[in-house]
Amino acid sequence: MTMWLVSGIVFLAAWHLSAALLTAAEPAERTIDDVSRRVVKIFGAGGIRGLYAYSTGFLVSSKGHLVTVWSHVLDDQAVTVILHDGRKFEGKILGAEPQLDLAVLKIEGDDLPYFDLDSASTSGVGTRVLAFSNMFKVATGDEQVSVLHGVIAARTRLTARRGAYESPYNGPVYVVDAITNNPGSGGGVLTTADGQLLGMIGKELRNTQTNTWINYAIPIGELKPVINEIISGKFVARAERSDDSANPRRYVPVDFGLVMVPDVLFRTPAFVDRVLPGSPAAKVDIRPNDLVLFVNDDLVQSCRLFKEELGRLEAGDVLKLVLRRGNALIPVEMPVEKKAESDTDKSRTRNGKNKPADEDDE
Amino acid sequence: MNIPSLRSPIFIACLGLLTLVVAPRTASAIDPAVVGAEGQRVSVVAHVSPTVVAIFSPGGQGGGSGVLISADGYALTNFHVTNGAGHFMKCGLDDGVLYDAVIVGIDPTGDVALIKLFGREDFPFAQMGNSEALQVGDWAFAMGNPFLLATDFHPTVTFGIISGIHRYQYPAGSFLEYADCIQTDTSINPGNSGGPLFNLAGELVGINGRGSFEKRGRVNSGAGYAISINQIKNFMDSLRGGLVVDHATLGATVATRDDGSVVVTGILEQSEAFRRGLRTDDEIVSFAGRPIRSVNQFKNVLGIYPKGWKLPLVYRRDARKQEVFVRLRGLHRQSELTLNQRPSRGEDPQPAPGQPGRRPERQPGGRRPQPPQNPQRPQPPKPPDHLAKFYVERPGFTNYFFNELERDRTLKGLAAFGDYSKETGVWKISGVFSENNSVPFELTLSEKLAGLVLDGGKRNFVQELNADSKFEDEPPASGGLLLALDHFRRLLVLGQKGFSEFYYLGSEPLDGVGSHVDVLYCERFGARTHWYFDRGAGMLVGFDTFRDDDVDPCEIRVDGRVELAGRPFPESLIVRSGDREFGRLKITGALLGPPAPSPPDSTDKKTESKPESKPDSN
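Line by line, the protein sequences give chains E and D.
Residue numbering for the first sequence is 1 to 362, as defined by our numbering.
Residue numbering for the second sequence is 363 to 980, as defined by our numbering.
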């Protein structure tokens, strides 16, 4: 009798243990392997001034379409894309939607493992998730990308107010409790514990007020229409940011003979690339590689802000700039001449959800 | 207290009972499997918690974590935790007691240190697991003392998954390379350094030591790195031997070609790899049994082995594959590793010359590196008197006390040959030498001369054995058989007194493929011998004699025992050099002459030409 009881307990104990182990075995190795095969490592521009030259992407077609974040890494005409098995491809940029922080690339592959966007999932708070990315460029060649685990902490809108999170994207996001958004993580994937695609890991975002970093992913549903448009060739890029719509855009740098460096970063420093001969800028001896620091006594921290300031000028104003050249600060002044008529509202190609940024206070 | 295996039936039964007890108390809505998993986790954590060490430097200026691996108090931690703490430290355990500890051995390149705690003979200790069996996605948990929070020494537990395996992390400065390491999303914070990473069974699989820290500051960033326990196992005996252990280089540089193959881009002509035929443009196919498809994989293999180990290397040239065995060269010069002679350096290694400045602050040690205010390292507080004897300073060693311990243990294996200490005269050994055919040989070994006569005088070889003698490859292609046999005679007659240097080197797989053997090292007049002792019976199974740097040694393997002059003696000596067998000496007779009138040469130390004593530098 005692014997029976003991073996019964042992049996029950063993049964409990196996059940426990089954739960504990999650996330399954197979899931991780399946997802990792669809994630790629991207190497491109950067590598200087603290800008990292790598990011992550994921395949969305068997023919080699892949999705990643729009960033300076894509500043090169072509980037290097490395598949899970170490195969190396040249990736060409098919299209990008900076407002979604989204870019679609194409590699010349065939029969590749990919995520079917139509079967991408959505999930609520508390869902167990896995995050896959090549953060910190830890993996090279055929090495597997990094995998993190966590839960969805919130589904919310990314507050894109200037001064908090400086991101062009202000739509819904999954906020997760794992440290998913690191250098190079952007373009990685967030999946459920069983490997269903939920979202694309976004760029690193720091709250400039609290100096904290947010870990988030953009739901695939937000990206899917544009991804499909880019792939099918129907996409028309929105030329300018929506919150520029209030800007009268009366003057642009070239009106003064200034050609600025390409505005690829969210905050590209306002470096002068070229100065047109005979232009007002040439007359006051502005030179290539000068950095614009102040416009009419206002600090400008990026090409975008510089352009915004120019847009607000009116004929008859005096444009005062403070430039940094080497270690010297150089003030210059130029008269703002009356312009010939031009189409200033060429920006809006579509309406709808791209309303101005949320103005709620936190 | 040895902890029973977590996989034992008793443990499983207890666990089941625990689950049964817990289940009814919790709400019925909770899946019993979840409750069970939690119960298992809780009991595993409770089980290993007593093995976790909170390490404090005696001055109280910082610390880190560690983990006990033996009942007599040996514990693993990071080199960057012990470096700067002095030779003695204080260690807190889960029981709330603060124990004294002494440094035993360090691996500055691998960022590992071995310490020994005092005060108990029954320390709870962790079972070492197999880090090679880890898979991405496996649960893992870290324990330790992050932010030095636990004033009662109860370790902090953080839980996560394995995020990556076989990761390569470049050296921070000239040291602290994390090769073939484990990446985890378990929180690794300052103070976690040196603490254990456990698998879900509570087995020790790694030592946490590093994180990817960038702009978010020196806190967990979701990417922590642990040194794999399998790597540490390779170095363990050298660490127990109180050495400053060094990592290895092949003597060749490699690069990945566009087709994904890894090819040799440069090779040192002094390296054994070169002597075994490896050349520029050869493709590395596999190394130490692992396929090589990237430079990182190559560095991963190199990074987990100590210098001096022999490893199989397969290379391809013109579509032909070739397998060779190569002995690895040391990565650093001894002087580079002699840490107590680095007063100008802070606790963080500086970038090596010619290396781009790397961010050095990547170790989450509890101590912030401080630039040294004056060139003298502050003197650590004096150790307790009863512990002072456990630290013996000697250049080239972390703690010579522990080397003597291991050396004397290994030397006991010589007793099997009986007492030769009185046989200081001329030895005449005869037998049959076979290479292609068999001929009689007569070997003469004396204090100043070694000679070999083959085939009744048709071939004669001789080697002088003075301080200024040039050690030759005599007989040719043997690698220096006569010198090797002289070392053997000296070992039997004089023991360690027959050499200017004599110490324990650690363990290695014999010839790169065999079982692990203990290695003793000796040096005389610049020539060196490694003695290999079987780890079971303790018998001498062979020895390699290096007459010079950068030449193939004479490798002798001992086969069988024969009774000669009333004492056991090796029956056969199999002689190899490079990648070919030189021949076999089968011993049939020995005549040990009367002691020489003058006392044996005991002045080696004075006549030794090498100025600095140092561990093996081949």
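All residues carry an ideal CB built from backbone N, CA and C; glycine is no exception.
Q: Output yes if chain E places a C-beta closer than 7 Å to the C-beta of G491/D; else output no.
A: Locating residue 491/D in the second sequence gives position 129, counting from the first residue. Not closer than 7 Å to any Cβ of chain E, the Cβ of G491/D fails to qualify, so no.
Q: Could you give the DSSP three-state label for K820/D: helix, strand or coil?
A: Walking along the second sequence from the start, residue 820/D turns up at place 458. Of the three classes helix, strand and coil, the one that applies to K820/D here is coil, per DSSP.
Q. Buried or exposed: P517/D, going by 16 or more other Cβ atoms within 10 Å of its Cβ?
A. As a working note, residue 517/D is residue 155 in the second sequence. By the neighbour-count rule (16 or more Cβ atoms within 10 Å), P517/D is buried.
Q: With 7 Å as the threshold, decide whether the Cβ of D547/D is near any Cβ in chain E.
A: For the purposes of this step, residue 547/D is taken as residue 185 along the second sequence, with counting starting at 1. Interface residue, yes.
(Q) Let me see if you follow: with CB-CB separation under 7 Å, is I523/D close to chain E or not? (A) For the purposes of this step, residue 523/D is identified with residue 161 of the second sequence, where counting begins at 1. True, the Cβ-Cβ gap to chain E drops below 7 Å.
Q | Limits of the beta strand (DSSP E) - the one that M260/E falls within | A | For this step, residue 260/E is matched to residue 260 along the first sequence. From DSSP, the beta strand (DSSP E) with M260/E extends over L258 to M260.
Q) If you compare alpha carbons, which of L265/E, P183/E, D76/E and V332/E is closest to F256/E? A) As a working mapping, residue 256/E is identified with position 256 in the first sequence. Comparing Cα positions, the closest option is V332/E.
**Q.** Uninterrupted beta strand (DSSP E) stretches inside the region 623–685 of chain D (no shorter than 3 residues)
**A.** Every beta strand (DSSP E) of 3 residues or more that sits fully in the region 623–685 of chain D is shown, in chain order, as 624–629, 645–649 and 672–679.
Q) Do G951/D and S792/D have their C-beta atoms within less than 7 Å of each other? A) What you label residue 951/D is simply residue 589 of the second sequence in a count that begins at 1. What you label residue 792/D is simply residue 430 of the second sequence in a count that begins at 1. The answer is yes: Cβ separation under 7 Å.
Q. From the beta carbon of R529/D, is the nearest beta carbon of chain E less than 7 Å away?
A. The residue labelled residue 529/D in the question sits at position 167 within the second sequence. R529/D counts as touching chain E.
**Q.** For R771/D, the first and last residue of its enclosing alpha helix (DSSP H)
**A.** Counting from 1 along the second sequence, the entry for residue 771/D is found at position 409. From DSSP, the alpha helix (DSSP H) with R771/D extends over Y762 to L773.
Q | Span of the beta strand (DSSP E), counted from its first residue to its last, around T191/E | A | As a position in the first sequence, residue 191/E is number 191, starting the count at 1. The continuous beta strand (DSSP E) containing T191/E extends over residues V189 to T192.
Q | Contacts that E90/E makes with chain D (C-beta to C-beta distance below 8 Å) | A | Working through the first sequence from its first residue, we reach residue 90/E at position 90. When 8 Å is used as the limit between beta carbons, E90/E is near no residue of chain D, the shortest such separation being about 12 Å.
Q: Evaluate contact between the region 546–556 of chain D and the region 421–429 of chain D, counting only Cβ atoms and requiring at least three cross-stretch pairs below 8 Å.
A: The region 546–556 of chain D makes contact with the region 421–429 of chain D; the number of CB pairs closer than 8 Å reaches 3 or more.
(Q) Can you confirm whether V404/D, when its beta carbon is compared against all beta carbons of chain E, has any partner nearer than 7 Å? (A) For the purposes of this step, residue 404/D is taken as residue 42 along the second sequence, with counting starting at 1. Among the CB atoms of chain E, none fall inside 7 Å of the CB of V404/D.
Q: Answer with yes or no whether the minimum CB distance from Q497/D to chain E is below 7 Å.
A: Numbered from 1 along the second sequence, position 135 holds the residue referred to as residue 497/D. Interface residue, yes.
Q) Ordered along the chain, which non-local residues of its own chain (more than five positions away) have a Cβ less than 7 Å from that of L954/D? A) Counted from its first residue, the second sequence places residue 954/D at position 592. The answer, listed in chain order, is E785, G787, W789 and A927.
**Q.** chain E contact residues for R655/D, given Cβ-Cβ distances below 9 Å
**A.** As a first step, residue 655/D must be located in the second sequence, where it is residue number 293. Think of a sphere of 9 Å around the beta carbon of R655/D: the chain E residues whose beta carbon falls inside it are G86, G141 and D142, in chain order.
Q. Just how far apart, CA to CA, sit F334/D and D781/D?
A. Past the edges of chain D, shown from 363 to 980, lies residue 334/D, and the structure says nothing about it.
Q: Verify the CB distance criterion: does N981/D have a CB-CB separation below 7 Å to chain E?
A: An answer regarding residue 981/D cannot be provided, because it is not within the stretch 363 to 980 covered by chain D.
Q | Cβ pair count under 8 Å reaching 3, the region 435–449 of chain D against the region 506–514 of chain D | A | Between the region 435–449 of chain D and the region 506–514 of chain D there are fewer than three inter-stretch CB-CB distances shorter than 8 Å, so the stretches are not counted as touching.
Q: For D599/D, name the three-state secondary structure that DSSP assigns.
A: Along the second sequence, one-based indexing puts residue 599/D at 237. The answer is helix: DSSP assigns D599/D an H, G or I state.
Q. If contact means a Cβ-Cβ distance below 9 Å, which residues of the region 188–202 of chain E contact chain D?
A. So the list is empty, because no residue satisfies the distance condition.
(Q) Here's a check: name, in chain order, each residue in its chain whose Cβ is nearer than 7 Å to the Cβ of I465/D, leaving out the five neighbours to either side. (A) Counting from one through the second sequence, the residue named residue 465/D turns up at place 103. Taking C-beta separations shorter than 7 Å and ignoring five residues to either side along the sequence, the partners of I465/D in its chain run T444, H449, A475, I477, T760 and N761, following chain order.
Q) Cα-Cα, which of G904/D, V606/D, V415/D and A585/D is closest to S877/D? A) Residue mapping note: residue 877/D aligns to position 515 of the second sequence, counting from 1. Residue G904/D is the option with its Cα nearest to S877/D.
Q | Residue from Q825/D, G813/D and L773/D whose Cα sits closest to the Cα of C348/D | A | In the structure as shown, chain D begins at 363 and stops at 980. Residue 348/D is therefore absent and cannot be evaluated.
Q.
Please report the straight-line C-alpha distance between L566/D and V647/D, rounded to a whole angstrom.
A. Along the second sequence, read from residue 1 onward, the residue named residue 566/D stands at position 204. Along the second sequence, read from residue 1 onward, the residue named residue 647/D stands at position 285. Near 32 Å, if we compare the C-alpha coordinates of V647/D and L566/D.
Q: Kindly list, in the order they appear in chain E, the residues whose Cβ is closer than 8 Å to that of N658/D.
A: Position 296 of the second sequence, counting from 1, holds the residue named residue 658/D. Within chain E, the residues near N658/D are T140, G141 and E143.
Q) Residues of chain D with a CB under 7 Å from the CB of H149/E: which are they? A) For this step, residue 149/E is matched to residue 149 along the first sequence. The contacting residues are G522, I523 and D547.
Q: Assess, as a yes-or-no matter, whether the region 105–124 of chain E is touched by the region 137–148 of chain E under the definition of 3 or more beta carbon pairs within less than 8 Å.
A: With the cut-off at 8 Å, the region 137–148 of chain E and the region 105–124 of chain E do not touch.
**Q.** Status (buried if at least 16 other CB within 10 Å, exposed otherwise) for D680/D
**A.** In the second sequence, residue 680/D corresponds to position 318, counting from 1. When all chains shown are included, D680/D counts as exposed.
Q. What's the gap between the Cα of V189/E and the Cα of V40/E?
A. Your numbering for residue 189/E matches position 189 in the first sequence. Your numbering for residue 40/E matches position 40 in the first sequence. Their backbone Cα atoms lie some 10 Å apart in a straight line.
Q: Check the Cβ-Cβ distances between G526/D and every residue of chain E, and say whether any is below 7 Å.
A: Your numbering for residue 526/D matches position 164 in the second sequence. Output row for G526/D: interface = yes.
Q: Give me whichever residues DSSP pairs with P558/D in a beta bridge.
A: In the second sequence, residue 558/D corresponds to position 196, counting from 1. Paired residues: I569/D.
Q. Relative to chain D, which residues along the region 120–136 of chain E have a C-beta separation below 9 Å, given in chain order?
A. So the close ones are L130, A131, M135 and F136.
Q: Keeping to the same chain, check which residues put their C-beta closer than 6 Å to that of D194/E; ignore five residues upstream and five downstream.
A: The count along the first sequence starts at 1 and reaches residue 194/E at position 194. So the list reads T31, once near-sequence residues are dropped.
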